[in-house]
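Add 32 to a position in the sequence shown, counting from 1, and you land on the number used in the working numbering.
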Amino acid sequence: MADKPSSPLPALSTAARESILLAPYAMHSDQSAGRRYPEPVHPYRAPYQRDRDRILHSAAFRRLSHKTQVFTGDFGDYHRSRLTHTLETASIARTLGRALRLNEDFIEAAALMHDIGHPPFGHSGEDVLNECLRDEGGFSHNRQALRIVEELERRYPDFPGLNLSLELLQGQQRRVEKSRARERPLLESQVVDAADSIAYDTHDADDALQLGLLTIDELLEIPLWCAAAERVLARYQDLNGGELRRAILHELIDWQVGGLLTQAQLNLQERAIHTPADVYAAPVLIAPDAEMAEKKLELEKFLHARVYRHPRVLEMRDRSTAMLRELFARFVAQPSLLPHGFQARIERAGLRRTVGDYLAGMTDRYLQSEYGRLVR
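Here it is as structure tokens:
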């Protein structure tokens with residue numbers, strides 16, 4: 033006689049599940065202040081999971097696949113785009129969050145959102161838009177991310193933007209304010225910032241090596257890379273070339289993540305952190321120790337001098353910024369060239385801000401296409 037099928041396990045509520053998995057200092061869903069536009073509780077998705085899904089399915093997120101991280105498509109197709117950097121940041125952040133028993137849905141949502149406001153051509157594009165919008169308050173990708181998720185994305189009939197949880201918006205606002213913020217971000221937001229730093233420090237160097245802008249011998253003169261190589265060669269004495277490079281990159285991430293976790297646990301204990309309210313009142317708790325922070329700073333100075341200001345990168349920057357600046361002037365002079373949806377925004381947002389919003393949403397290749405159509 034066949035066994036009877038067993039009864040399905042009863043589903044745990046979000047609150048019950050999080051009470052088992054999350055630390056008391058994590059951001060629990062039932063502690064959320066909600067959304068700007070109230071919505072009913074979803075029957076099977078937690079609130080921060082819904083936030084993550086809304087960001088993932090947004091048009092702005094998809095466009096990150098063709099936006100510059102450091103190198104444009106002119107350099108080939110190995111290097112990171114803004115999208116792959118975002119996904120790598122999310123992966124590192126979730127690793128940190130799981131080890132610290134934080135809210136991984138919140139972390140992933142914050143990580144996927146953290147660069148969503150970047151314009152085409154990376155920080156050079158941001159500099160141009162900041163210059164063009166100087167009299168309108170300037171432009172920053174962190175502030176633009178808030179404009180996107182609160183206003184510019186129009187995917188739902190009941191509200192503008194994505195109507196994300198207030199805690200996610202507050203975390204992004206603190207990225208805008210940085211050291212001026214009166215309260216520290218939640219730990220979930222702090223691990224995203226730490227993961228972002230690990231990702232770009234490591235992967236910008238990897239991309240530069242692959243593109244021939246640096247040699248591994250040059251990087252091995254930098255204390256952080258030298259120490260990582262020594263750790264690798266203590267285990268694998270015969271590695272060289274590409275194998276050594278890949279092993280060092282892996283070690284750099286693993287070493288930094290492990291150090292952050294050790295330091296974070298010490299900070300949480302020393303500061304007697306038990307609730308999110310304790311986190312708000314404390315100094316930043318997810319940060320490298322002093323020795324690692326100094327090594328990272330040395331690497332970042334090296335990358336700034338040797339990669340971000342490499343002649344090939346500067347040549348690309350000059351071409352791209354010229355196109356962006358000329359297109360901005362063309363749309364301001366002829367607003368009728370804007371899509372109808374953006375023309376309708378001019379009265380409410382102002383002409384120059386509207387043009388900035390339109391250009392910031394473009395991918396690298398679409399801006400190049402529009403430049404060829406309207407200017408060249």
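Built from N, CA and C at the ideal position, the CB exists for glycine as well. All figures in this text were calculated on a predicted structure; none of them were measured in a lab.
Limits of the alpha helix (DSSP H) - the one that residue i falls within
i	result
N174	173 to 179
H282	273 to 302
Y398	396 to 406
R349	343 to 365
S64	Neither: S64 is in no alpha helix (DSSP H) and is coded neither H nor E.
R380	378 to 381
F153	Segment: none, F153 is in no alpha helix (DSSP H) and carries neither H nor E.
E262	255 to 265
R84	79 to 88
M21	As displayed, the chain neither begins before 33 nor continues past 408, which places residue 21 out of reach and without an answer.
L331	322 to 335
Y312	308 to 313
R95	91 to 95
E250	248 to 251
S368	No alpha helix (DSSP H) contains S368, which DSSP labels as neither H nor E.
E50	46 to 53
Bridge partners - residue i, DSSP secondary structure assignment
i	result
S113	T100
Proximity test, residue i beta-carbon vs the ligand ATP heavy atom, cut-off 7 Å
i	result
V339	With respect to small molecules bound, the structure shown includes none, and the ligand ATP cannot be examined in it.
C-beta contact flag for residue i and residue j at 8 Å
i	j	result
G129	I180	no
Y110	Q242	yes
Y57	V311	yes
N135	M59	yes
F153	T116	no
R384	V364	yes
G290	P320	no
V223	H146	no
A91	E185	yes
E182	G193	yes
L317	L300	yes
L406	L370	no
L293	A177	no
L196	D83	yes
R133	A55	yes
M355	L399	yes
V160	R408	no
E158	H235	no
F103	D238	no
L198	G66	yes
A78	D137	yes
I248	R278	no
G382	C164	no
T353	S156	yes
F191	Y268	no
L359	Y403	yes
ask   = Can you give, in chain order, each stretch of the alpha helix (DSSP H) that sits fully within the stretch 177 to 227 and has at least 4 residues?
value = 198 to 209
ask   = Between the stretch 389 to 397 and the stretch 87 to 106, are three or more C-beta pairs nearer than 8 Å?
value = yes
request  = Check whether the stretch 346 to 362 touches the stretch 136 to 144, taking contact to mean three or more Cβ pairs, one atom from each stretch, closer than 8 Å.
outcome  = no
query = Is there contact here, the stretch 48 to 66 with the stretch 169 to 176, by at least three beta-carbon pairs under 8 Å?
reply = no
task = Evaluate the contact criterion for the stretch 227 to 247 versus the stretch 281 to 290: three or more CB pairs, one atom per stretch, below 8 Å.
result = yes
request  = Please determine if the stretch 262 to 272 and the stretch 204 to 217 are in contact, where contact requires at least 3 C-beta pairs separated by less than 8 Å.
outcome  = no
key: Cβ contact (3+ pairs, closer than 8 Å) linking the stretch 217 to 227 and the stretch 300 to 317   = yes
message = Closer than 8 Å is the cut-off here; do at least three beta carbon pairs connect the stretch 238 to 257 with the stretch 320 to 338?
response = yes
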